[in-house]
Amino acid sequence: MPNYLTLRNGRKVLFNTPEEDAAITAAALSDPDAVPLSDEEWEASKLQFRRSG
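Numbering of the sequence shown is given in this note's numbering, commencing with residue 42 and proceeding in unit increments.
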């Protein structure tokens, strides 16, 4: 599996490495003002977004 996504215009967007993803997640979880969504809340928000569009 490639470590990038090719957009329609030909640009490539690199995926984060597992190490980068872990660092980003740790930083986000350490922010007292940010409350992460539970898996259930995330799924519900995706369904609601799709229906409104």
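Note that CB positions come from ideal geometry on N, CA and C, so glycine has one too. No experiment lies behind these values; they were computed from the predicted model shown.
- Looking at the DSSP output, Val54 sits in a beta bridge with Leu46.
- Judged by DSSP in its simplified three-state form, Leu70 adopts helix.
- Residue state for Pro59 is assigned as helix, using DSSP reduced to three classes.
- Between the alpha carbons of Leu70 and Ala63 lies a distance of about 10 Å.
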